[in-house]
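Only one structure is covered here, and it is reproduced in the block below.
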Amino acid sequence: MTDEPDPHGDQPDERAGVEPAEANAAVVLVHGRGARARGMLDFAEEIDRDDVHYVAPQAARGTWYPQSFTAPIESNEPHLSSALDRLATVLDDLLGEEIPPERTVLLGFSQGACLASEYAARNARRYGGLVVLSGGLIGPEGSEFEYDGSMDGTPVFLGCGDRDPHIPVERVEETALVFANRDADVEKRIYEGMGHGVIPDEIEYVRELVGDVAARD
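The following block contains the structure:
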């Protein structure tokens with residue numbers, strides 16, 4: 014991993030869907046460890062709407078932070094702070110394109126799900142939605158997860174398999190509780206016998222959520 018203070022700062026975005034000026038909603042797609050932003054654009058095809066703009070930021074060398082999401086926070090710096098700043102820039106860019114956070118869904122898978130949930134928890138407000146697919150808040154076992162602010166009714170979805178080798182179910186449970194206590198509308202689904210991946214039930218939830226956000230007055 015690079016020792017640069019802002020390793021993700023100059024990384025590109027991949028975009029899909031309609032132009033921002035024509036969009037009723039945006040989805041920020043955050044990829045997992047060792048993956049590519051372009052691969053996350055497959056969600057655009059799954060969601061299949063003609064009024065949504067999609068942005069997938071790319072991590073430097075395909076990884077947002079070097080250690081496990083349950084490692085001590087300092088062991089993942091400066092990459093974690095840089096990654097959080099990268100998401101902030103994406104949301105600021107969307108706001109500049111007249112798509113506000115309340116019309117933006119943050120969606121991440123695996124390491125990207127951990128990053129998206131951590132960003133939302135640290136920057137609590139009303140979002141269009143938060144989708145955490147096989148992930149949870151970042152921090153070592155025993156973390157108290159003390160955050161300020163309210164999610165103001167933001168729909169938050171957490172989906173994970175009970176046999177996921179990377180994501181402890183206990184962390185998913187903790188994450189759901191943190192967001193519920195911060196005034197989010199939480200939907201948590203633990204899938205029996207499922208490992209590390211995304212299944213049609215989760216895709217269907219995402220499709221409905223994005224449709225609801227795009228249809229809001």
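The numbering used here puts the sequence shown at residues 14 to 230.
Cβ atoms here follow ideal geometry from the backbone N, Cα and C, with glycine treated the same way.
Keep in mind it's a predicted model, so treat the numbers as computed, not measured.
Counted within 10 angstroms of its Cβ, other Cβ atoms place LEU42 as buried (16 or more) or exposed: buried
Quick one: Cα of GLU90 to Cα of ALA29, how far? 31 angstroms
Count the other C-beta atoms from every protein chain shown that fall within 10 angstroms of the C-beta of GLU215, then say buried if there are 16 or more, exposed otherwise. buried
Inter-residue Cα distance where the pair is PRO20 and HIS92: 6 angstroms
Who are ILE203's beta bridge partners in DSSP? CYS173
Examine the Cβ distances between the segment 155-168 and the segment 204-212 and report whether three or more of them are shorter than 8 angstroms. no
Where ARG138 falls, given that 16 or more other Cβ within 10 Å makes a residue buried: exposed
Delimiting residues of the alpha helix (DSSP H) encompassing ALA228: 213-228
Identify the residues that DSSP records as bridge partners of THR117: which are they? ALA39
Endpoints, the beta strand (DSSP E) within which ALA69 is located: 65-70
What are the boundary residues of the alpha helix (DSSP H) that includes ARG184? 182-194
Does the segment 166-173 come close enough to the segment 139-146 that 3 or more CB-CB pairs lie under 8 angstroms? yes
Is GLU115 closer than 8 angstroms to HIS66 when the C-beta atoms are compared? no
With DSSP collapsed to three states, give me the class of GLU27. strand
Using a Cβ-Cβ cutoff of less than 6 angstroms, which residues in the same chain neighbour VAL211 once the five nearest sequence positions on both sides are dropped? LEU146
Where does ALA197 land, buried or exposed, given buried means 16+ other C-beta within 10 angstroms? buried
Rounded C-beta distance between VAL223 and VAL40? I'm assuming under 8 angstroms. 6 angstroms
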